[in-house]
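**Student:** If you read the protein sequences in the order shown, they are chains A and B.
Residue numbers are given in this note's numbering: position 80 of the first sequence equals residue 331, and the series is strictly consecutive.
Residue numbers are given in this note's numbering: position 21 of the second sequence equals residue 272, and the series is strictly consecutive.
We treat Cβ as the ideally placed atom computed from N, Cα and C, and that holds for glycine.
Note that the structure is predicted; figures quoted are calculated from it, not measured.
Provided herewith is a single structure, encoded as structure tokens, for subsequent inquiry.
2 protein chains.
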Amino acid sequence: MRRRSSTLTEHELEIMKIVWLHDTSTVRDVYEALLEKRKVAYTTVMTMMKVLEQKKYLKKSQAERAYVYRPAQPQRQVIGAMVRDFVNRVFNGSASPLLVHLVEEHDLSREDLEEIARLRRKP
Amino acid sequence: MRRRSSTLTEHELEIMKIVWLHDTSTVRDVYEALLEKRKVAYTTVMTMMKVLEQKKYLKKSQAERAYVYRPAQPQRQVIGAMVRDFVNRVFNGSASPLLVHLVEEHDLSREDLEEIARLRRKP
DNA sequence: CGTTTAGTACTAATTAATTAGTATGCGAAG
DNA sequence: CTTCGCATACTAATTAATTAGTACTAAACG
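Structure representation (structure tokens):
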């Protein structure tokens with residue numbers, strides 16, 4: 252069989268990114284934002300948002316016309332869990348080899364690193 | 252439909268990690284290494300390695316008894332592609348917010364950062 | 001030489017992820 | 001009041017990922 256992903260899948264994440272930008276979103280809101288990036292059917296977005304609600308990433312509340320959705324978990328926390336999952340899966344839980352990759356292949360300026368180091372120095 | 256993953260899936264990665272540790276591996280080698288971590292059938296490993304060969308992550312060559320597999324791409328490169336994919340998907344391609352996550356939640360020592368910064372300073 | 005063993009090919013089943021159509025209902029507009 | 005448009009629920013199809021069984025083959029072993 253196939254285990255359900257413990258983190259957001261690619262298209263779920265795409266939707267959550269849109270939802271996190273606003274306080275509340277309807278299916279139509281998300282649908283229209285998503286259309287700017289790629290072709291998709293309204294009902295597809297609806298189905299995915301229903302799944303996201305079942306997975307506890309979204310909360311649904313009844314308004315007059317359409318359902319109103321809002322994030323059930325802060326972006327920070329969800330993305331953090333994705334990073335942790337990635338580090339576990341790919342680097343057996345140790346973050347520094349990932350750091351090396353980032354520095355060597357992702358055009359991080361020395362300023363970026365100093366900025367980060369400064370953050371780290373005064374907790 | 253569902254697009255084929257452009258990077259290694261969870262269990263594919265698990266197998267590749269074992270293969271990268273050695274020059275050559277048979278299905279049995281990988282099967283036995285994998286068994287230490289979790290229950291799995293021999294033929295499951297075989298099927299997955301066949302898939303990995305089709306996806307060009309493994310090269311197969313005929314030996315006397317069993318097929319001998321070796322990595323078709325260096326670990327460095329494959330993991331690098333996974334990091335890039337992750338950064339693109341989760342952080343819209345920018346690495347520094349990922350850095351912030353790592354520093355704030357992944358127990359990176361100041362030494363780690365200084366080590367990295369040193370790498371970065373003298374290219 | 002016959003039997004046990006290991007390896008492969010083939011087949012197939014299950015579930016998650018993704019996509020979208022159809023039917024139905026309700027409120028708005030005329 | 002009737003029609004139109006939007007929203008939802010339900011249904012369903014497709015594909016990838018994952019797992020593993022069965023049958024066949026060749027080699028090793030006695």
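Tell me the DSSP secondary structure of A:Val319 in three-state form.
**Tutor:** Counting from 1 along the first sequence, the entry for residue 319 of chain A is found at position 68. Strand.
**Student:** Following the continuous alpha helix (DSSP H) through A:Gln305, name the residue where it begins and the one where it ends.
**Tutor:** The count along the first sequence starts at 1 and reaches residue 305 of chain A at position 54. From DSSP, the alpha helix (DSSP H) with A:Gln305 extends over Tyr293 to Gln305.
**Student:** Within the 7 Å Cβ cut-off, does B:Arg273 reach chain A?
**Tutor:** For the purposes of this step, residue 273 of chain B is identified with residue 22 of the second sequence, where counting begins at 1. In the sequence as presented, Arg is not what sits at residue 273 of chain B; that position holds His. With 7 Å as the cut-off, B:His273 does not count as an interface residue toward chain A.
**Student:** Are the Cβ atoms of B:Tyr320 and B:Leu309 separated by less than 7 Å?
**Tutor:** Taking the first residue of the second sequence as position 1, residue 320 of chain B is located at position 69. Taking the first residue of the second sequence as position 1, residue 309 of chain B is located at position 58. Contact flag set, yes.
**Student:** So what's A:Leu350 in DSSP terms, helix, strand or just coil?
**Tutor:** Within the first sequence, the letter at position 99 stands for residue 350 of chain A. If DSSP states are grouped into helix, strand and coil, A:Leu350 belongs with the helices.
**Student:** Please decide whether A:Val354 counts as near chain B, where near means a Cβ-Cβ distance under 7 Å.
**Tutor:** As a working mapping, residue 354 of chain A is identified with position 103 in the first sequence. It does; some Cβ of chain B falls within 7 Å.
**Student:** Once DSSP output is grouped into helix, strand and coil, what is the label at B:Lys268?
**Tutor:** Numbered from its first residue, the second sequence carries residue 268 of chain B at position 17. In the structure shown, B:Lys268 sits in a helix (DSSP, three-state: H, G or I).
**Student:** With a cut-off of 8 Å on the beta carbons, I'd call B:Ile330 and A:Val281 a contact; round off their distance for me.
**Tutor:** Counting from 1 along the second sequence, the entry for residue 330 of chain B is found at position 79. Counting from 1 along the first sequence, the entry for residue 281 of chain A is found at position 30. Their Cβ separation, rounded to whole angstroms, is 33 Å, which puts B:Ile330 and A:Val281 out of contact at 8 Å.
**Student:** In the DSSP assignment, find the beta strand (DSSP E) that holds A:Gln313 and state where it starts and stops.
**Tutor:** Within the first sequence, residue 313 of chain A is the residue found at index 62, counting from 1. Note, A:Gln313: beta strand (DSSP E), Leu309 to Gln313.
**Student:** Do the CB positions of B:Leu303 and B:Glu263 come within less than 7 Å of each other?
**Tutor:** Stepping through the second sequence from its first residue, residue 303 of chain B is reached at position 52. Stepping through the second sequence from its first residue, residue 263 of chain B is reached at position 12. Contact flag set, yes.
**Student:** If the cut is a Cβ gap below 7 Å, which residues of chain B does A:Met333 touch?
**Tutor:** Here residue 333 of chain A is taken as the residue at index 82 of the first sequence, counted from 1. Chain B residues near A:Met333: Val341.
**Student:** Using a Cβ cut-off of 7 Å, pull out every chain B residue sitting near A:Ser347, in sequence order please.
**Tutor:** Counting from one through the first sequence, the residue named residue 347 of chain A turns up at place 96. The contacting residues are Leu359 and Asp363.
**Student:** Would you give the residue range spanned by the alpha helix (DSSP H) that B:Gly331 belongs to?
**Tutor:** Taking the first residue of the second sequence as position 1, residue 331 of chain B is located at position 80. First-last of the alpha helix (DSSP H) with B:Gly331: Gln326 to Phe342.
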